Each structure stands twice: as structure tokens, then as C-alpha cells.
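Position one of the sequence shown corresponds to residue 4 (this note's numbering), numbered consecutively onward.
In what follows, a single structure is set out as C-alpha cells and then discussed.
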Amino acid sequence: MAQVDGSYDCVTKSPMGDQKSVFTVSSDGDSFTGQNAGAMGSLDVENGKVDGNKLTWTMNMKVPMPMTLECEATIDGDALTGTIKAGAFGSMAMTGTRQG
Numbered sequence: 004m005a006q007v008d009g010s011y012d013c014v015t016k017s018p019m020g021d022q023k024s025v026f027t028v029s030s031d032g033d034s035f036t037g038q039n040a041g042a043m044g045s046l047d048v049e050n051g052k053v054d055g056n057k058l059t060w061t062m063n064m065k066v067p068m069p070m071t072l073e074c075e076a077t078i079d080g081d082a083l084t085g086t087i088k089a090g091a092f093g094s095m096a097m098t099g100t101r102q103g
């Protein structure tokens with residue numbers, strides 16, 4: 004699934020304003036590993052799954068409060084669009100562009 008691999012410059016529309024990060028994806032068949040790193044720290048991808056060009060995963064946030072984030076994204080060429088569900092905060096839009 005090399006078409007999803009890479010590093011993406013992302014923006015997440017959060018209740019605390021736009022959060023910029025770099026999201027990395029390294030796929031292996033129907034699974035993937037990676038990180039989402041930005042001003043709030045670095046979060047490891049957990050339970051990463053690949054279905055064609057669709058990714059689903061979770062991340063365990065520690066600050067500003069402990070919470071499991073449920074994430075999904077679609078990769079279309081070099082563009083990433085998705086959502087991050089953050090408990091009571093609801094869903095936040097995430098967009099990105101592949102680096103390079």
C-alpha cells in the first residue's frame with residue numbers, strides 16, 4: 004500500500020484553534036504504523052488499519068487531558084482529508100498534504 008506511505012503536513016481544526024502537525028505513515032499490507040507530531044507533542048499511531056486509500060487508527064493523548072482519539076483519513080494522491088474524534092469535544096476536521 005505504498006500510495007498511502009509518507010509524511011503529511013496537517014492541520015486539525017480543534018477547540019484550541021488550528022493545530023499543525025506532521026503525520027507519518029508506514030504501511031505493511033492492511034496495517035500501518037506512524038506518528039502525529041506537533042506543538043502538543045508526539046502521539047504514536049495505535050491499531051493502524053489500511054483499507055485501500057482509507058486509514059483508521061487511534062492515538063492516546065496525555066495533554067491537556069488523557070483521552071483516546073479515534074481517527075480516520077482518506078489519501079487521494081498527495082491530499083489527506085479526515086476526522087479526529089475526541090470524546091466530548093466531538094469530531095475535528097484534519098487536512099494535509101504529502102511532503103516532498
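Note that CB positions come from ideal geometry on N, CA and C, so glycine has one too.
Please read all numbers here as calculations on a predicted model, not as lab measurements.
In DSSP terms, what residue 53 is bridged to: 58
Residue 40, DSSP secondary structure in three states: strand
Start-to-end residues for the beta strand (DSSP E) that takes in residue 92: It is not in any beta strand (DSSP E) - residue 92 carries neither H nor E in the DSSP assignment.
Exposure of residue 39, with buried meaning 16 or more beta-carbon neighbours within 10 Å: buried
Sub-8 Å separation of residue 9 and residue 25 beta-carbons: no
Which residues DSSP lists as bridging residue 64, in chain order: Partner(s): 70.
Beta-bridge partners of residue 22, as assigned by DSSP: 15
8 Å Cβ shell around residue 54 - same chain, five flanking residues per side excluded: Around residue 54: 33.
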